[in-house]
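Contents: one structure, followed by commentary.
Listed below in structure tokens is the structure:
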């Protein structure tokens with residue numbers, strides 16, 4: 022449990038934690054778990070988790086009051102839930118980027134119960150399995166002002182989330198939603214209002230194997246239509262992000 026650390030039945034606040042090359046069966050980057058229906062507070066602000074591997078989830082938040090903001094989870098190759106598991110009766114995720122990660126079993130992200138995602142980016146991820154969907158949603162899951170660009174899998178969502186003012190482009194899937202819903206979601210223009218946070222200051226996104234060094238500038242997104250945007254992206258401060266929670 023927990024590649025870098027495991028916190029159980031407690032309260033915690035993670036601030037500017039950088040994790041990479043971490044391995045575990047469950048919670049390959051970290052695992053935070055409290056008792057179901059607990060009011061324990063578990064927060065993560067301005068953290069980065071990248072290049073982790075194992076069986077289940079790069080970051081694992083389960084139960085209690087969960088708040089995640091300005092998080093980067095990228096380049097993870099994990100059997101299931103490569104980007105994250107967030108399972109709670111009351112949760113919020115803001116200004117978080119999920120990119121260049123892949124899973125082969127169940128799904129890429131797992132969200133359950135009542136969670137609101139605000140101004141989050143989901144870029145260039147892949148789910149190669151056939152069970153659930155790229156993004157597993159169960160319960161009341163809401164996406165507000167989020168972007169979904171070049172994600173590949175069988176279905177985009179497992180069950181229909183509440184979508185408000187989100188951007189969809191160049192995703193590849195056989196159907197939008199696995200269960201019941203057979204429609205699609207309208208995409209809002211323009212793109213440059215949706216890449217709201219894309220930064221990993223002080224923490225490498227990927228390892229340069231050619232010269233054994235860490236490269237903050239390396240970018241595998243291969244999204245020609247957002248390269249210019251990334252250079253002038255709006256970065257929300259830690260204090261502004263907390264206020265939005």
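Residue numbers (this note's numbering): 22 to 266. Note that beta-carbon positions come from the ideal geometry of N, C-alpha and C, so glycine has one too.
Exercise. Count the other C-beta atoms from every protein chain shown that fall within 10 angstroms of the C-beta of residue 204, then say buried if there are 16 or more, exposed otherwise.
Key: Taking the chain shown and counting its residues from 1, one reaches residue 204 at position 183. Exposed.
Self-check item: Classification of residue 245 by the beta-carbon crowding that lies within 10 angstroms, buried from 16 upward
Solution: By one-based count along the chain shown, residue 245 stands at place 224. Confidence at residue 245 is low in this model, with a pLDDT of 43, below 50, so its placement is unreliable and the value that follows should be read with caution. When all chains shown are included, residue 245 counts as exposed.
Practice problem: Provide the residue span of the beta strand (DSSP E) that contains residue 49, from first to last. | Solution: Numbered from 1 along the chain shown, position 28 holds the residue referred to as residue 49. Run containing residue 49: none; DSSP gives neither H nor E here.
Practice problem: Would you kindly check if the distance between the Cβ of residue 194 and the Cβ of residue 175 is under 8 Å? | Solution: By one-based count along the chain shown, residue 175 stands at place 154. By one-based count along the chain shown, residue 194 stands at place 173. Result yes, Cβ atoms of residue 175 and residue 194 sit closer than 8 Å.
Exercise. Would you list, in sequence order, the uninterrupted beta strand (DSSP E) runs of no fewer than 3 residues that lie entirely inside the segment 148-198?
Key: 154-165, 168-170, 176-178, 183-185, 188-190 and 196-198
Quiz item: For residue 101, which three-state DSSP category applies?
Solution: Working through the chain shown from its first residue, we reach residue 101 at position 80. Strand, per DSSP.
Quiz item: Short check: CB of residue 84 to CB of residue 108, under 8 Å?
Solution: Here the question's residue 84 lines up with position 63 in the chain shown. Here the question's residue 108 lines up with position 87 in the chain shown. Yes.
Exercise. Can you tell me which of the three DSSP states residue 126 falls into?
Key: In the chain shown, counting from the first residue as 1, residue 126 sits at position 105. Coil at residue 126, not helix or strand.
Quiz item: Under 8 Å, do residue 104 and residue 79 count as touching if we go by C-beta distance?
Solution: Against the chain shown, residue 104 aligns to sequence position 83. Against the chain shown, residue 79 aligns to sequence position 58. Contact: yes.
Quiz item: Taking the alpha-carbon positions, what's the residue 27 to residue 51 distance?
Solution: As a working note, residue 27 is residue 6 in the chain shown. As a working note, residue 51 is residue 30 in the chain shown. About 6 Å.
Quiz item: At which residues does the beta strand (DSSP E) containing residue 26 begin and terminate?
Solution: Against the chain shown, residue 26 aligns to sequence position 5. Its beta strand (DSSP E) spans residues 26-29.
Quiz item: How should residue 120 be labelled, buried or exposed, when 16 other C-beta atoms within 10 angstroms of its C-beta is the threshold for buried?
Solution: As a working note, residue 120 is residue 99 in the chain shown. Buried, because 16 or more other Cβ atoms sit within 10 Å of the Cβ of residue 120.
Quiz item: What is the rounded straight-line gap between the Cα of residue 197 and the Cα of residue 30?
Solution: Translated into the one-based positions of the chain shown, residue 197 becomes position 176. Translated into the one-based positions of the chain shown, residue 30 becomes position 9. Whole-angstrom Cα-Cα distance: 37 Å.
Quiz item: Which one of 33, 47 and 166 has the shortest CA to CA distance from residue 142?
Solution: For the purposes of this step, residue 142 is taken as the residue at position 121 of the chain shown. The residue with the shortest Cα to Cα distance from residue 142 is 166.
Quiz item: With burial defined as no fewer than 16 other Cβ atoms inside 10 Å of the residue's Cβ, what is the status of residue 82: buried or exposed?
Solution: Taking the chain shown and counting its residues from 1, the one referred to as residue 82 is at position 61. That one is buried.
Quiz item: In terms of DSSP beta bridges, what is residue 88 paired with?
Solution: On the chain shown, residue 88 is found 67 positions in, with the first residue counted as 1. Partner(s): 64 and 113.
Practice problem: Have a look at 112, 43, 157 and 199 and flag the residue whose alpha-carbon is nearest the alpha-carbon of residue 60. | Solution: To locate residue 60, count along the chain shown from 1; it is residue 39. Nearest of 112, 43, 157 and 199 to residue 60, Cα basis: 112.
Practice problem: Could you tell me if residue 183 is buried or exposed, where buried requires 16 or more neighbouring beta carbons within 10 angstroms of its beta carbon? | Solution: For the purposes of this step, residue 183 is taken as the residue at position 162 of the chain shown. Looking at its Cβ environment, which holds fewer than 16 other Cβ atoms inside 10 Å, residue 183 is exposed.
Quiz item: Exposed or buried, which one is residue 89 when buried takes at least 16 other CB atoms within 10 Å?
Solution: Residue 89 sits at position 68 when you count from the first residue of the chain shown. Residue 89 is buried by the Cβ-count criterion.
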